[in-house]
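Enquirer: Just so you know, the sequence shown maps onto residues 0 to 626 in numbering that gives the first Met the number 0.
Don't be surprised by glycine CBs; every beta carbon is placed ideally from N, CA and C.
This is the structure I have questions about; it appears just below.
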Amino acid sequence: MQFFLSWKQKFRLLIGITLLSLALMAASSFWASLQLSASLQAREDAKGYASASISLMNDWLKLGAQRQALSPATQDNFQQRLSALEQLAKQFVVQAQGLGDASISQSARQIEELLLTETALQRDWLELSQQLGLPPFEGMRQTLSTSAQSLEPINIGLIQPFIAAALRNQRDYLSTFDSGYADQTQSAIDDMQAKIEELDWQENQIGQAVSSFSAAFSQAHALILKIREAEQRIASLGQQIEQRIDEQNVMLQDGILASTARQAQQASRSSNWIMGLSFTGVALFLLLTLSQASRTLMAQLNNVTQILSQVASGNLTGTLTIGRNPKDEFNQLAEASNRMIEGISRIVRQVIDANRELTELHRYLSESMRRLGDNSSQVEIQTEQAASASQQISATINEMAQRTSDVGNATHTAYDSARMGSTIIDASVASMRRLAQLIQATHAQVALLSQSSSKVAGIIDVINSLADQTNLLALNAAIEAARAGDAGRGFSVVADEVRSLALKTVAATTDIAGIVGEFKQQTQRMNELMTSGLSLAAESERHSSQVAETIDEITRSMEQLSGEMNQVVVAIEEISSTTEDIAGKMEDINLHTGETKGLRVTLDQHTHGLSVQVEALSRSARQFQVS
0 MQFFLSWKQK FRLLIGITLL SLALMAASSF WASLQLSASL QAREDAKGYA SASISLMNDW
60 LKLGAQRQAL SPATQDNFQQ RLSALEQLAK QFVVQAQGLG DASISQSARQ IEELLLTETA
120 LQRDWLELSQ QLGLPPFEGM RQTLSTSAQS LEPINIGLIQ PFIAAALRNQ RDYLSTFDSG
180 YADQTQSAID DMQAKIEELD WQENQIGQAV SSFSAAFSQA HALILKIREA EQRIASLGQQ
240 IEQRIDEQNV MLQDGILAST ARQAQQASRS SNWIMGLSFT GVALFLLLTL SQASRTLMAQ
300 LNNVTQILSQ VASGNLTGTL TIGRNPKDEF NQLAEASNRM IEGISRIVRQ VIDANRELTE
360 LHRYLSESMR RLGDNSSQVE IQTEQAASAS QQISATINEM AQRTSDVGNA THTAYDSARM
420 GSTIIDASVA SMRRLAQLIQ ATHAQVALLS QSSSKVAGII DVINSLADQT NLLALNAAIE
480 AARAGDAGRG FSVVADEVRS LALKTVAATT DIAGIVGEFK QQTQRMNELM TSGLSLAAES
540 ERHSSQVAET IDEITRSMEQ LSGEMNQVVV AIEEISSTTE DIAGKMEDIN LHTGETKGLR
600 VTLDQHTHGL SVQVEALSRS ARQFQVS
């Protein structure tokens, strides 16, 4: 199944494809922009995550530094910062999941686990430190200090060195958590307890003070061992945390940051390629399409110009080739132009045929007028003869008695002349009737010529309408080309050429309309001449009928005269009266014959005018060449 499109539809489709191509270019540019934006956003997220990692590390280091210098005044803030660090660790995992990298997310969860474990240990360490006593006079420190104060007053030389060593080493131990001081303190306590047992002082105040100090030191030592174990675990976790964060930073630098940079570069290159290929494809498509359309339009316009030039010069034998696309405006224009040329050719052929018939009619009318002139001359001669005979009858009426035989002969001669005159008058009447019929037929042919002129005017109106439609089509094409911008500039030139050809078409049809108008005026003049000729022919026919009737009356009178010759003497007075009537009738016949001669002259003039009009019509028709 074939689909046919008009030029208007083709240009709309071209504009649609152009807009679609521009939309595709915009979409590709937008896609590349989104890819580039996504890559840059991923890079920014990775940098933000790296900044969050550094911030988390800084907070963790600050927390460790604060733990080293923890005091009763800062322990509440320390706990708050522990909670804040835990929240940061959880947010750190959420932020890592937003990067969409499984290894980074796993590393963030490991760091979170280490941080949460480390913060739990720091809380345990804080609790143990609070049990031991952050200030010197709280917790186990206070208990141990109280027990030490009960030993300080003892000045017994057997145990006083041990007491001094124990007090000194336990203070150093509480300050440094050095296990050497703990061992020395415990050794001094063991020596004191051994000396107490040796002296059997367990139950006295000195023995109880030593026992109380030993128990307090053992509890403090146990707490310090737990604190040291917690600090060792905290230190180990800190190393793991630092290692994980360093590894993660390396992963960020070598992984996401590097990949996002490559993605950004790839997106930029893809955007440039897509935009370049899209622009090149659209430009080539528009160039090829507009070039083909321009060549096709120029070929069609050249064909139309040649045909219209031939029509303007009078050559009606050419036609335009019609394509298979019924919706193509140029095919429609070619079909309408061919119909126009065929219509004009048909009308011109009719004009030529009618002109040929008019020529034959003019020839026959001239012959009829010649014969009418001859008949009129004969009628005139016969009328003169009849008048002369009447005069002779009047002159010899007194001699009728003596010349009866002469009168009989004259009567017979008059009878024959009257009969001949009747025959001639009948022939003249018949000729006048045929002349009237010929003039009426000529009048009908002139009416047909007038109708043909009206048809030609209608066809010229159709041509003007087609030219106006072509002009409107060119204007619409110029508007569509203006909408297309630079891409439609070439077609705008074509549209201007179409408008120029439409104006030339209007000028050509205007010239044809002038010729047809002149032809119509000449036809109207011929119509008027035929009407006058028809009227004159009718009047001549009427006069000829009157002459025929008069001749008939003369014939009947002559018959009666011939029949009553024996009563000539008796009817002499009647003959005299009849002779006077005959003389009057002869005068009437002579008058009618003169009028008939004038009518013949008038018809001759009209025939000459008809000949002039036929010649002018022939010259006009010879301007056209028809197949």
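When burial is assigned at 16 or more other CB atoms within 10 Å of the CB, is Val515 buried or exposed?
Expert: By the neighbour-count rule (16 or more Cβ atoms within 10 Å), Val515 is buried.
Enquirer: Measure the CB-CB distance between Gly342 and Ile423 and report whether it falls below 7 Å.
Expert: No, the pair does not count as a contact, with Cβ atoms beyond the cut-off.
Enquirer: Pick out whichever of Glu552, Leu256, Ser449 and Arg66 has its Cα sitting closest to the Cα of Arg524.
Expert: Selected option, being the one with the closest Cα: Ser449.
Enquirer: Rounded to the nearest angstrom, how far is the Cβ of Ile550 from that of Gly372, given a contact under 8 Å?
Expert: In fact, because the Cβ distance is near 19 Å, the residues do not count as touching under 8 Å.
Enquirer: Given this structure, state the Cα-to-Cα distance separating Ser344 from Gly317, to the nearest angstrom.
Expert: Using only the alpha carbons, I get a separation of about 11 Å.
Enquirer: For Lys89, does the count of other Cβ atoms within 10 angstroms reach 16, so buried, or fall short, so exposed?
Expert: The residue in question, Lys89, is exposed, as its Cβ has fewer than 16 Cβ neighbours within 10 Å.
Enquirer: Please report the straight-line C-alpha distance between Arg261 and Arg482, rounded to a whole angstrom.
Expert: The straight-line gap from Cα to Cα measures roughly 42 Å.
Enquirer: What is the rounded straight-line gap between the Cα of Leu465 and the Cα of Arg362?
Expert: About 43 Å.
Enquirer: CA-CA distance, Gln468 and Leu300?
Expert: One C-alpha to the other measures close to 15 Å.
Enquirer: According to DSSP, is Asn470 part of a helix, a strand, or is it coil?
Expert: Helix at Asn470.
Enquirer: Ser52 and Ile223 - do their beta-carbons sit closer together than 7 Å?
Expert: Not in contact: Ile223 and Ser52 (Cβ atoms no closer than 7 Å).
Enquirer: Return the CA-CA distance between Ile14 and Met24, expressed in angstroms with no decimal places.
Expert: Whole-angstrom Cα-Cα distance: 15 Å.
Enquirer: Would you kindly check if the distance between the Cβ of Val281 and the Cβ of Ser491 is under 7 Å?
Expert: It is not a contact, given that the beta carbons lie outside the stated cut-off.
Enquirer: Please classify His220 as buried or exposed, where buried requires at least 16 neighbouring CB atoms within 10 angstroms.
Expert: When all chains shown are included, His220 counts as buried.
Enquirer: Might you give, ordered along the chain, the residues of its own chain that have their beta carbon closer than 7 Å to the beta carbon of Glu111, omitting 5 neighbours on each side?
Expert: Closer than 7 Å at the Cβ level, and outside the excluded window around Glu111, lie Ala88, Lys89, Phe91 and Val92.
Enquirer: When DSSP labels each residue in this structure, what does Asn314 get in the three-state scheme?
Expert: Here Asn314 sits in strand by DSSP.
Enquirer: Rounded to the nearest angstrom, what separates Leu33 and Leu39 at their Cα positions?
Expert: About 10 Å.
Enquirer: Sort Ser561, Glu540, Gly532 and Glu614 by Cα distance to Leu602 and report the nearest one.
Expert: Minimum Cα distance to Leu602 is reached at Gly532.
Enquirer: Measuring CA to CA, which of Ser210, Asn302, Lys194 and Ser308 is closest to Lys503?
Expert: Among Ser210, Asn302, Lys194 and Ser308, the Cα nearest to that of Lys503 is on Ser308.
Enquirer: Go ahead and label Ala68 buried or exposed: buried means 16 or more other beta carbons lie within 10 angstroms of its beta carbon, across all protein chains shown.
Expert: Classification for Ala68: exposed.
Enquirer: Would you check if the distance between the CB atom of Asp123 and the CB atom of Leu84 is smaller than 7 Å?
Expert: Not closer than 7 Å, so no.
Enquirer: Assign Arg402 to one of three DSSP states: helix, strand, or coil.
Expert: Here Arg402 sits in coil by DSSP.
Enquirer: Where Glu334 and Ala507 are concerned, what is the direct C-alpha to C-alpha distance, given to the nearest angstrom?
Expert: Roughly 18 Å separates the two Cα atoms.
Enquirer: Among the residues of its own chain, which have a CB less than 7 Å from the CB of Gln439, if the five just before and after it don't count?
Expert: Counting only Cβ-Cβ distances below 7 Å, and skipping sequence neighbours, we find Leu533.
Enquirer: Between which two residues does the alpha helix (DSSP H) holding Asn76 run?
Expert: Element bounds for Asn76: Gln74 to Gln96.
Enquirer: Would you call the CB atoms of Leu535 and Leu609 closer than 7 Å?
Expert: No, the Cβ-Cβ distance between Leu535 and Leu609 is not below 7 Å.
Enquirer: Does Ser290 come out as helix, strand or coil in the three-state DSSP assignment?
Expert: Note: Ser290 maps to helix in three-state DSSP.
Enquirer: Contact between the segment 158-169 and the segment 183-195 is defined here as three or more beta-carbon pairs at a separation below 8 Å; is this criterion met?
Expert: The segment 158-169, when compared against the segment 183-195, does touch it at the 8 Å Cβ threshold.
Enquirer: Between which two residues does the alpha helix (DSSP H) containing Lys225 stretch?
Expert: From DSSP, the alpha helix (DSSP H) with Lys225 extends over Gln204 to Met250.
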